[in-house]
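Going left to right, the sequence shown walks through residues 37 to 798 as the numbering used here numbers them. Glycine residues also receive a C-beta, built at the ideal position from the N, C-alpha and C atoms. Notes follow the structure.
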Amino acid sequence: MVVSCRTTHYGRRRSGSLWISRPTVQAASEQTSVSMDSDTFTACRSIQTTCSSETRGTQTFLCEHVNHPWFLLSLHQFSECASFPRGGEPYRLYNLDVFAYDLFSRLGLYGSVPLMVAHKPDRTLGVFWLNASETFVNVQYFPTEQQDDQSPLVRRRKVEPQTDVRWLSESGVIDCTVLLGPNPQQLFGQYAQLTGFQALPPLFALGYHQSRWNYDDEADVKAVDAGFDRHDIPYDVIWLDIEHTDGKRYFTWDPVHFPQPARLQLHLEKKKRKLVVISDPHIKLDPDWSFYCEARDGGHFVKDRDGQIYKGTCWPGESSYLDFSSPATRAWYSSCFSLDKYKGSTSSLFVWNDMNEPSVFNGPEQTMPKDAVHCGGWEHRDLHNLYGFYQHMATVDGLITRSGGSERPFVLSRSFFAGSQRFGAIWTGDNVASWEYLKISVPMLLSLSLAGIAFCGADVGGFFQDPEPELLVRWYQAAALQPFFRGHSAKMMKRREPWLFGEEVTAAIRTAIQQRYCLLPYWYSLFHQAHTCGLPPLRPLWVEFPREQNTFSVDHQYMIGGALLVCPVTEPGVQEVQVLLPGSGEIWYDVDSAEATRGGRTLSLPVTLNTVPVFQRGGSVICRSVGSFSCTADLQLLPLSITVALNCEGGAAGQLYLDDFHSFRYRDTKSFCLRRFDMLSGRLLCRAAGEEGTFDCDLVVQSVTVLGIKSKPSSVTVHVSGVKDSSAVFEHIETCCMLTAGTDCWFVLKGSKLVYTPSTGE
Numbered sequence: 037m038v039v040s041c042r043t044t045h046y047g048r049r050r051s052g053s054l055w056i057s058r059p060t061v062q063a064a065s066e067q068t069s070v071s072m073d074s075d076t077f078t079a080c081r082s083i084q085t086t087c088s089s090e091t092r093g094t095q096t097f098l099c100e101h102v103n104h105p106w107f108l109l110s111l112h113q114f115s116e117c118a119s120f121p122r123g124g125e126p127y128r129l130y131n132l133d134v135f136a137y138d139l140f141s142r143l144g145l146y147g148s149v150p151l152m153v154a155h156k157p158d159r160t161l162g163v164f165w166l167n168a169s170e171t172f173v174n175v176q177y178f179p180t181e182q183q184d185d186q187s188p189l190v191r192r193r194k195v196e197p198q199t200d201v202r203w204l205s206e207s208g209v210i211d212c213t214v215l216l217g218p219n220p221q222q223l224f225g226q227y228a229q230l231t232g233f234q235a236l237p238p239l240f241a242l243g244y245h246q247s248r249w250n251y252d253d254e255a256d257v258k259a260v261d262a263g264f265d266r267h268d269i270p271y272d273v274i275w276l277d278i279e280h281t282d283g284k285r286y287f288t289w290d291p292v293h294f295p296q297p298a299r300l301q302l303h304l305e306k307k308k309r310k311l312v313v314i315s316d317p318h319i320k321l322d323p324d325w326s327f328y329c330e331a332r333d334g335g336h337f338v339k340d341r342d343g344q345i346y347k348g349t350c351w352p353g354e355s356s357y358l359d360f361s362s363p364a365t366r367a368w369y370s371s372c373f374s375l376d377k378y379k380g381s382t383s384s385l386f387v388w389n390d391m392n393e394p395s396v397f398n399g400p401e402q403t404m405p406k407d408a409v410h411c412g413g414w415e416h417r418d419l420h421n422l423y424g425f426y427q428h429m430a431t432v433d434g435l436i437t438r439s440g441g442s443e444r445p446f447v448l449s450r451s452f453f454a455g456s457q458r459f460g461a462i463w464t465g466d467n468v469a470s471w472e473y474l475k476i477s478v479p480m481l482l483s484l485s486l487a488g489i490a491f492c493g494a495d496v497g498g499f500f501q502d503p504e505p506e507l508l509v510r511w512y513q514a515a516a517l518q519p520f521f522r523g524h525s526a527k528m529m530k531r532r533e534p535w536l537f538g539e540e541v542t543a544a545i546r547t548a549i550q551q552r553y554c555l556l557p558y559w560y561s562l563f564h565q566a567h568t569c570g571l572p573p574l575r576p577l578w579v580e581f582p583r584e585q586n587t588f589s590v591d592h593q594y595m596i597g598g599a600l601l602v603c604p605v606t607e608p609g610v611q612e613v614q615v616l617l618p619g620s621g622e623i624w625y626d627v628d629s630a631e632a633t634r635g636g637r638t639l640s641l642p643v644t645l646n647t648v649p650v651f652q653r654g655g656s657v658i659c660r661s662v663g664s665f666s667c668t669a670d671l672q673l674l675p676l677s678i679t680v681a682l683n684c685e686g687g688a689a690g691q692l693y694l695d696d697f698h699s700f701r702y703r704d705t706k707s708f709c710l711r712r713f714d715m716l717s718g719r720l721l722c723r724a725a726g727e728e729g730t731f732d733c734d735l736v737v738q739s740v741t742v743l744g745i746k747s748k749p750s751s752v753t754v755h756v757s758g759v760k761d762s763s764a765v766f767e768h769i770e771t772c773c774m775l776t777a778g779t780d781c782w783f784v785l786k787g788s789k790l791v792y793t794p795s796t797g798e
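Here's what the structure looks like:
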């Protein structure tokens with residue numbers, strides 16, 4: 037359930053609307069009270085109007101009497117999964133190019149999602165403030181005295197914490213939606229219905245990406261590509277930054293260093309790999325360049341306050357900025373990605389939108405002036421935080437149109453707003469090679485995930501400065517267990533391909549990346565869940581354990597789906613880490629050793645440079661790929677291994693989602709397969725998880741491992757519909773209660789089950 041309140045606009049009317057169409061929700065009066073057991077959530081609005089050349093009016097939204105910890109879900113680097121720091125300056129939502137950003141700052145960063153989530157053991161709710169202008173969010177805590185309801189006859193009062201949240205936006209209307217949950221999963225679904233679901237990425241986008249500002253030329257790209265093969269490290273995508281263009285003119289290629297771009301892409305495509313190039317929103321002011329002239333003559337540039345084309349400075353020098361708020365400009369820009377217009381491009385070329393806050397080197401706060409004018413007479417102040425959102429949208433539309441609507445696009449954007457998840461991936465911007473930035477990347481990505489932006493990541497190793505070998509290894513290990521996985525660095529930094537730091541480092545990085553690829557069937561299934569239900573793959577512990585208050589402030593651990601608990605190592609020289617295993621009724625299995633541990637405790641675990649604590653939750657089923665691979669295309673031909681982790685009742689469940697991994701056929705013709713695994717009473721059943729979906733593929737299950745079996749079974753049998761039952765070869769390891777059975781059969785796409793028969797006396 038959602039409750040929405042909206043006001044009319046106080047100021048000059050403009051044509052058109054910003055953002056997206058809103059679904060119909062329950063209307064609310066200007067004073068809204070929602071009962072929450074003993075608490076009351078009250079949303080009330082007050083409006084102040086001032087008229088000047090700088091603003092058309094301010095709106096303040098006040099949330100009172102909310103006895104919940106609040107989480108502001110933007111890109112600020114405080115511990116977003118813990119409660120707000122008390123008092124101090126408000127948080128600013130204003131997209132800016134802030135390279136090497138200060139940690140724990142409340143100032144603006146690359147993107148903004150004006151969503152707040154409040155959670156306590158019996159309730160989760162959210163407030164979505166739909167306003168793309170500069171916004172301040174002020175969070176204040178103070179104690180209040182209330183009558184003690186447990187002693188109504190005694191004049192006893194108890195002190196309760198109170199949280200006040202005030203929203204202050206420079207322009208626009210009050211458009212506020214309260215998401216009533218009441219649990220985290222329902223809240224995610226409500227927010228996704230409001231702003232859009234995460235796009236289902238093509239499988240290659242979930243592999244490893246290798247980037248640098250900049251690879252020198254075509255020979256350099258081919259050498260790096262060959263280096264991954266030579267060192268047996270899988271990867272899927274190599275990236276080119278601004279230097280690949282002809283004089284920073286996007287949609288062009290440097291004629292000296294990249295004279296045959298189509299041939300380069302074909303070279304990569306033969307190995308089932310992709311190329312990504314950058315496309316920024318600033319256009320070099322060059323009257324001899326046909327692209328600039330076409331944009332100018334078509335009226336596709338932002339204007340200044342005097343009605344002239346706005347000019348600012350960025351990488352090419354003097355530039356003009358495309359007005360992506362205009363549907364006509366977005367349509368024109370999308371058409372520029374067609375193969376006949378984008379010379380040298382192929383269908384295996386994908387796109388990276390950078391500098392789209394927008395970044396203006398000589399502008400106020402290194403961005404566009406607020407009085408610049410967009411389509412329909414909107415001032416830039418009204419839609420600033422939407423600028424990158426619109427470029428992301430147009431780029432995605434261009435790649436979809438390029439394929440005739442058949443292929444899923446991949447586009448990474450630096451700037452974002454609520455709803456950006458519909459278009460693709462987001463990263464945390466120009467970070468620094470330091471342990472502090474590695475550590476803060478975890479709560480930043482958790483914050484983005486809670487805000488619906490599930491496909492997110494941080495640059496491995498840090499963009500600025502040179503990482504020490506230990507830091508680089510730990511960053512690869514952490515990022516391999518996060519949604520978007522890209523190594524990237526600035527051109528003034530030393531080269532940092534994984535094989536340049538000695539064999540020990542190379543081996544550790546190789547292992548981290550290989551383990552990422554093995555886990556991709558699970559990751560892909562989680563992204564299907566995000567695409568259909570709104571649940572992010574990356575989750576704070578409290579999402580899975582909403583009643584356990586000791587999880588509320590944990591921001592250095594997280595869950596991948598509901599099955600894996602991860603504790604990245606984010607400090608130097610660590611030989612032991614503390615890991616919270618929540619749930620007193622849970623069983624957790626160490627992924628490396630298969631050792632079982634009861635939940636509801638904190639463990640002290642020894643770690644080496646080659647280990648990261650990862651636990652599988654009892655009651656879950658996870659599918660992995662097994663075999664040798666160089667990219668995600670190889671995974672489609674490899675068998676699966678299934679790991680069943682039994683809970684206290686001896687049961688487990690999980691899902692596997694399959695399609696062709698690249699097209700929209702899953703959506704348009706229901707060409708997909710969603711299988712459910714259930715383990716109960718010694719039987720692992722595989723069956724359809726729903727009525728929809730048909731998909732044929734030659735996928736084999738090579739082995740099934742069951743964790744938590746204490747006694748050796750007398751036999752293990754595989755039943756497959758239409759096929760004679762067969763006995764499976766199995767091994768039982770008593771020290772860690774693990775049973776591994778080789779199946780070697782068509783197990784996934786037919787009605788199947790694996791049965792183990794207990795030994796006498798069990």
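When 407, 746, 323 are compared against residue 285, the one with the closest alpha-carbon: 323
**Message:** Rounded to whole angstroms, what is the Cα-Cα separation between residue 790 and residue 659?
**Reply:** 15 angstroms
Notebook entry, point to check: Between which two residues does the alpha helix (DSSP H) carrying residue 305 extend?
Noted result: 297-305
task: Kindly indicate the opening and closing residues of the alpha helix (DSSP H) around residue 326.
output: 326-333
**Request:** Can you tell me the Cβ-Cβ gap for residue 393 and residue 132, rounded? I've got them flagged as a contact below 8 angstroms.
**Result:** Contact holds; Cβ gap of about 6 angstroms.
Exercise for the section: Report yes or no: do the stretch 536-554 and the stretch 224-238 share at least 3 C-beta pairs separated by less than 8 angstroms? Expected result: no
Rounded to whole angstroms, what is the Cα-Cα separation between residue 176 and residue 199? 6 angstroms
Residue range of the unbroken beta strand (DSSP E) whose run includes residue 667
No beta strand (DSSP E) contains residue 667, which DSSP labels as neither H nor E.
| query | Which residues in the same chain as residue 763 place their Cβ atom closer than 8 angstroms to its Cβ, once the five residues preceding and following it in sequence are excluded? | reply | The residues 751, 752, 753, 754, in chain order, have a CB closer than 8 angstroms to that of residue 763 in the same chain once the five nearest residues on each side in sequence are set aside.
### Query
Counting Cβ pairs, one atom from each stretch, are 3 or more of them under 8 angstroms apart for the stretch 422-437 and the stretch 449-456?
The stretch 422-437, when compared against the stretch 449-456, does touch it at the 8 angstroms Cβ threshold.
*From the DSSP output, in three-state form, read off residue 162 for me.*
Here residue 162 sits in strand by DSSP.
Using DSSP with H/G/I as helix, E/B as strand and the rest coil, what is residue 127? Looking at residue 127 - three-state DSSP - the assignment turns out to be strand.
Whole beta strand (DSSP E) runs in the stretch 667-701 with 3 or more residues, listed along the chain? 676-681, 688-694
Roughly how many angstroms separate the alpha carbons of residue 432 and residue 509, rounded to a whole number?
One C-alpha to the other measures close to 33 angstroms.
Please list, in chain order, all residues of the same chain as residue 646 whose beta carbon is under 7 angstroms from its beta carbon, the five residues on each side excluded.
-> 544, 547
Problem - Cβ separation of residue 203 and residue 165, assumed to be a contact under 8 angstroms, to the nearest whole Å - result: 5 angstroms
Could you give the residue range of the beta strand (DSSP E) that holds residue 251? Looking at the DSSP string, residue 251 is not in any beta strand (DSSP E), and its letter there is neither H nor E.
Counterpart residues of residue 546 in DSSP-defined beta bridges: Paired residue(s): none; residue 546 is not in a bridge.
Go through its chain and collect everything with a Cβ distance to residue 517's Cβ below 6 angstroms, but skip five positions before and after it. 602
message = Assuming contact is defined by CB atoms lying nearer than 8 angstroms, are residue 675 and residue 663 in contact in what I supplied?
response = yes
Discussion item. Counting C-beta neighbours from all protein chains within 10 Å, is the total for residue 504 16 or more, i.e. buried, or is it exposed?
Written reply: exposed
Checklist entry - Three or more beta-carbon pairs under 8 angstroms between the stretch 488-496 and the stretch 460-467, yes or no? => result The stretch 488-496 is in contact with the stretch 460-467.
Can you tell me where the alpha helix (DSSP H) with residue 799 in it begins and where it stops? What the structure shows of the chain is the stretch from 37 to 798, and residue 799 is not part of that stretch, so it cannot be assessed.
Exercise. Please report how far the alpha carbon of residue 619 lies from the alpha carbon of residue 157, in whole angstroms.
Key: 13 angstroms
Using CA coordinates, which residue listed in 312, 137, 735, 609 is at the minimum distance from residue 277?
312
**Request:** Determine the DSSP secondary structure at residue 354, reduced to helix, strand or coil.
**Result:** strand
| task | For residue 611, collect the residues of the same chain with a Cβ closer than 7 angstroms to its Cβ; drop the 5 residues on either side in sequence, then sort them by chain order. | result | Counting only Cβ-Cβ distances below 7 angstroms, and skipping sequence neighbours, we find 642, 643.
For this session: Kindly list the residues whose CB is nearer than 7 angstroms to the CB of residue 560, restricted to its own chain and excluding five residues on each side of it in sequence; keep chain order.
Result: For residue 560, where only same-chain residues beyond five positions count, the Cβ hits under 7 angstroms are 239, 242, 693.
(request) Could you say if the stretch 371-382 and the stretch 344-361 meet the contact criterion of at least three C-beta pairs nearer than 8 angstroms? (result) no
Proximal residues to residue 205 (C-beta, below 6 angstroms), its chain only, five neighbours per side dropped:
Excluding residues within five positions, the ones whose Cβ falls inside 6 angstroms are 95, 167, 169, 171.
Using the three-state DSSP reduction, which class does residue 346 fall into: helix, strand or coil?
In the three-state DSSP reduction, residue 346 falls in the coil class, being neither helix nor strand.
*Going by DSSP, name the residue or residues bridged to residue 569.*
BP columns for residue 569 are empty, so no partner.
If you measure from the beta carbon of residue 366 to each beta carbon in chain D, is any gap under 8 angstroms? This model lacks chain D altogether; it includes just one protein chain.
*With residue 213 as the anchor, note down where its beta strand (DSSP E) starts and where it stops.*
Residues 211-215.
Whole angstroms are fine: how far does the CA of residue 582 sit from the CA of residue 338?
47 angstroms
| said: Quick check on residue 125: buried or exposed, where buried means 16 or more other Cβ atoms within 10 Å of its Cβ? | reply: exposed
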